[in-house]
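J.:
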Amino acid sequence: MNVTRGFTGRPRVDDPGLPPGQYDAGDDWPVLSAEVTPELAPADWTFRVDGLVEEPRTWNWEQARGLPDSVYEGDIHCVTSWSKFGVRFGGVSLDAFLHVVRPHVAATHAVAYSHTGYTTNLPLADLTGGRAWIAWEYDGQPLAPEHGGPARLLVPHLYFWKSAKWIAGIRLLDHDEPGFWEQNGYHARGNPWEEQRYSGD
Amino acid sequence: MTETFTPPTRFAVPGRISVSNRAAGVWQNATITEIRRETPHAATFRLAVPDWQGHLPGQHLMLRLTAGDGYVAQRHYSIASAPDASGHVELTLDHVEGGEVSGWFHTVARPGDRLEVRGPLSGFFAWPGDRPALLIGAGSGVVPLMSMVRHHRARGLSVPLRLLVSARGPEELIYAREYGAETTPVFTRSAPYGVPVGRMAAAHVVPLLADQPPGGWEAYVCGSNGFAEHASRLLVAAGQPVERIRIERFG
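In order, the protein sequences belong to chains A and B.
Its first residue numbered 1, the first sequence is counted upward by one per residue in our numbering.
Its first residue numbered 1001, the second sequence is counted upward by one per residue in our numbering.
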């Protein structure tokens, strides 16, 4: 252990909800997107699921909103080391979309992509079983453009760069293909509880 | 090279810059060798990192401090220095109110203190010095852009480079003595006599886009999210293609 002289740090909080190396950002919700925030109206938003599926499908705003509501209440964790507790997102479980397109048994991974062209890769298992959403509300209000509105992917059990803003689609694959940050050295999976920040972690 | 999926989109993120991720996985020892005050709220910390493998201007590193009980705090910081063979890197840090890491740097740190870094990280905001660069920053957002300006000078590059830097006033302008003809400061609260006071505006950006070098600019925007949103909108309105705007937001 390399102790830094004179460094004491914040008062220790024994918070079992805080993954290693993270701190509680409180009311802050930093915005870290690398591209220009797009001017994307709900009427222009679409969401497509294709690749290794029985029936590729594109939903528009009204059609997606017509699926059963689902809420995520919990925490989110950013690789830059802030975590945010007790957030509330409203949207639709990704399971509802996958149920319609019916993934092939050969599908093991997915690339989620944004209307900006941003991409991120995920194991399919991280997108199913009630652990991923298409979210359009935050705290009961429409999701702000800088936070990915009108709709973003939400995969709160992984670092938040996996929760692609301005979500445009998900392509199911039988192999893993690195996305935007993953090609820039970030970890393929990004589990905050194992501190999978960079490739090799 | 791994195959990668490219989505069909109306908008576009800028292309990637290929960098080595070899060094990113390893924590390395670093020793503070010099501290220089830049403004009342910002200082530069020069670190000796004997095993530093080099970086590109615009890249950042992750830094960690360890307390006696094993508690660790880690943060991302942009690298201020140009790449060189000195075995040193420089960081310029704002003293964030209540910041446990920046607070340590500004109130406790002295030459000889040791900490750990890993990096350089991320190729997205890097500028290899190959294409004309239009740099727009505010506050400590100028730090990674200064690495580009310094690189441009150190290598005697002829590729065009311009910097628009916003600060509250002259006393808050980081690196004030280093700027040359490539830089236009914008002062939002107070300015020297004869210099206008006000937010960065189309009037600053439009002339630079009206007089583009052949092939156009690669734009790099760095600062708070509020500033980044404002500056990137100015660029888009002035005609800069979105796929040639790279943004680093501090948060």
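Heads up, the beta-carbon is just placed ideally off N, CA and C, and yes, glycines get one too.
Among A:Arg152, A:Phe180, A:Gly26 and A:His157, which has the Cα closest to the Cα of proline 38 (chain A)?
T.: Of the listed residues, the one whose Cα sits closest to proline 38 (chain A) is A:Arg152.
J.: CB-CB under 6 Å to proline 103 (chain A), same chain, minus the five flanking residues each way: which ones, in chain order?
T.: Here the set comprises Val53 and Leu172.
J.: Please classify proline 1014 (chain B) as buried or exposed, where buried requires at least 16 other C-beta atoms within 10 Å of its C-beta.
T.: Classification for proline 1014 (chain B): buried.
J.: I want to see whether chain B comes within less than 7 Å of aspartate 15 (chain A), judged by CB atoms only; does it?
T.: Not an interface residue.
J.: In chain order, what are the residue ranges of uninterrupted beta strand (DSSP E) at least 3 long that sit wholly in the region 1214 to 1243 of chain B?
T.: List check, beta strand (DSSP E) in window: 1218 to 1224.
J.: With burial defined as no fewer than 16 other Cβ atoms inside 10 Å of the residue's Cβ, what is the status of proline 1196 (chain B): buried or exposed?
T.: By the neighbour-count rule (16 or more Cβ atoms within 10 Å), proline 1196 (chain B) is not buried but exposed.
J.: Count the other C-beta atoms from every protein chain shown that fall within 10 angstroms of the C-beta of glycine 51 (chain A), then say buried if there are 16 or more, exposed otherwise.
T.: Burial call: buried.
J.: Check this for me: beta carbons of glycine 21 (chain A) and glutamine 1212 (chain B), under 7 Å apart or not?
T.: In this structure, glutamine 1212 (chain B) does not lie closer than 7 Å to glycine 21 (chain A) by Cβ.
J.: Between threonine 1002 (chain B) and chain A, is there a C-beta pair that is closer than 7 Å?
T.: Its pLDDT being 48, under 50, threonine 1002 (chain B) is placed unreliably in this model, and the coordinates cannot settle the point.
J.: Cα separation between alanine 96 (chain A) and arginine 1189 (chain B)?
T.: In a straight line, the C-alpha of alanine 96 (chain A) is about 52 Å away from that of arginine 1189 (chain B).
J.: Cysteine 1088 (chain B) by DSSP, collapsed to three states: which one?
T.: According to the sequence provided, residue 1088 (chain B) is histidine. The question's cysteine does not apply to it. If DSSP states are grouped into helix, strand and coil, histidine 1088 (chain B) belongs with the strands.
J.: Hey, alanine 144 (chain A) and phenylalanine 47 (chain A) are a contact pair by Cβ (cut 8 Å); roughly how many whole angstroms apart?
T.: With a Cβ gap of about 18 Å, alanine 144 (chain A) and phenylalanine 47 (chain A) do not count as contacting.
J.: Tell me the residue span of the alpha helix (DSSP H) that contains glutamine 183 (chain A).
T.: Its alpha helix (DSSP H) spans residues 180 to 183.
J.: Please confirm whether tryptophan 181 (chain A) and tryptophan 166 (chain A) have their CB atoms less than 7 Å apart.
T.: Not a contact, by the Cβ cut-off of 7 Å.
J.: In terms of residue numbering, what span does the beta strand (DSSP E) encompassing glycine 90 (chain A) cover?
T.: 82 to 93 is the span of the beta strand (DSSP E), which, as asked, contains glycine 90 (chain A).
J.: Quick one, which of B:Glu1116, B:Asp1094, B:Phe1105 and B:Gly1112 has its alpha-carbon nearest glycine 1141 (chain B)'s?
T.: When each option's Cα is compared against that of glycine 1141 (chain B), the closest is B:Asp1094.
J.: Which same chain residues, not among the five before or five after methionine 1001 (chain B), have their C-beta less than 6 Å away from its C-beta?
T.: At methionine 1001 (chain B) the pLDDT is 41, less than 50, meaning the model places this residue with poor confidence; the figure from the coordinates comes in the next sentence. Within the same chain, methionine 1001 (chain B) has no close Cβ partners at all.
J.: Does DSSP put alanine 107 (chain A) in a helix, in a strand, or in coil?
T.: Three-state DSSP puts alanine 107 (chain A) in coil, outside helix and strand.
J.: If you measure between the beta carbons of serine 1081 (chain B) and histidine 1060 (chain B), is that distance less than 7 Å?
T.: Contact flag unset, no.
J.: Mind checking whether alanine 1126 (chain B) and leucine 1056 (chain B) have CB atoms under 7 Å apart?
T.: Closer than 7 Å, so yes.
J.: In three-state terms, what does DSSP make of threonine 1066 (chain B)?
T.: If DSSP states are grouped into helix, strand and coil, threonine 1066 (chain B) belongs with the strands.
J.: Taking C-beta to C-beta, are leucine 122 (chain A) and alanine 110 (chain A) nearer than 7 Å?
T.: Contact flag set, yes.
J.: Rounding to the nearest angstrom, what Cα-Cα distance links glutamine 141 (chain A) and glycine 148 (chain A) in this structure?
T.: For glutamine 141 (chain A) and glycine 148 (chain A), the distance between alpha carbons rounds to 13 Å.
J.: To be precise: take each residue of the region 1092 to 1125 of chain B, compare its Cβ to all Cβ atoms of chain A, and keep it if any distance is under 7 Å. Which residues remain?
T.: Under the 7 Å Cβ criterion, the region 1092 to 1125 of chain B contributes Glu1100, Trp1104, Val1108, Asp1113, Arg1114, Leu1115, Glu1116, Leu1121, Ser1122, Gly1123 and Phe1124.
J.: List, in order along the chain, the chain A residues whose C-beta lies closer than 7 Å to that of tyrosine 1071 (chain B)?
T.: Within 7 Å Cβ-Cβ: Gly9 and Arg12.
J.: Are the C-beta atoms of serine 1232 (chain B) and some chain A residue less than 7 Å apart?
T.: Yes, serine 1232 (chain B) lies at the interface with chain A (some Cβ there is under 7 Å from its Cβ).
J.: Any idea what DSSP makes of threonine 1039 (chain B), helix, strand or coil?
T.: Three-state DSSP puts threonine 1039 (chain B) in a strand.
J.: If you reduce the DSSP assignment to three classes, tell me which class glycine 1141 (chain B) lands in.
T.: Residue state, collapsed to three classes: helix.
J.: Taking only beta carbons into account, state which residues of the region 69 to 102 of chain A come closer than 7 Å to chain B, listed in chain order.
T.: Going along the region 69 to 102 of chain A in chain order, one finds Thr80 and Ser81 with a Cβ nearer than 7 Å to chain B.
J.: Going by other Cβ atoms of all chains shown within 10 Å of its Cβ, with 16 needed for buried, is threonine 1183 (chain B) buried or exposed?
T.: When all chains shown are included, threonine 1183 (chain B) counts as buried.
J.: Examine chain B for any beta-carbon lying closer than 7 Å to the beta-carbon of threonine 108 (chain A), and answer yes or no.
T.: Chain B contact via Cβ: absent.
J.: With a threshold of 7 Å between beta-carbons, can proline 1160 (chain B) be considered close to chain A, or not?
T.: So no, proline 1160 (chain B) is outside the interface.
J.: Who pairs with tryptophan 59 (chain A) in a beta bridge, going by DSSP?
T.: Bridge partners of tryptophan 59 (chain A): A:Phe47.
J.: Can you check which of these residues, B:Arg1233, B:Gly1239, B:Asp1051 and B:Ala1238, is closest to isoleucine 1247 (chain B) by C-alpha distance?
T.: For the residues B:Arg1233, B:Gly1239, B:Asp1051 and B:Ala1238, the minimum Cα distance to isoleucine 1247 (chain B) belongs to B:Arg1233.
J.: Please decide whether glutamate 137 (chain A) counts as near chain B, where near means a Cβ-Cβ distance under 7 Å.
T.: It does not: the Cβ of glutamate 137 (chain A) has no partner Cβ on chain B nearer than 7 Å.
J.: Which runs of the alpha helix (DSSP H), 4 residues or longer, sit entirely within the region 1116 to 1176 of chain B?
T.: DSSP runs (the alpha helix (DSSP H)) wholly in the region 1116 to 1176 of chain B: 1142 to 1154.
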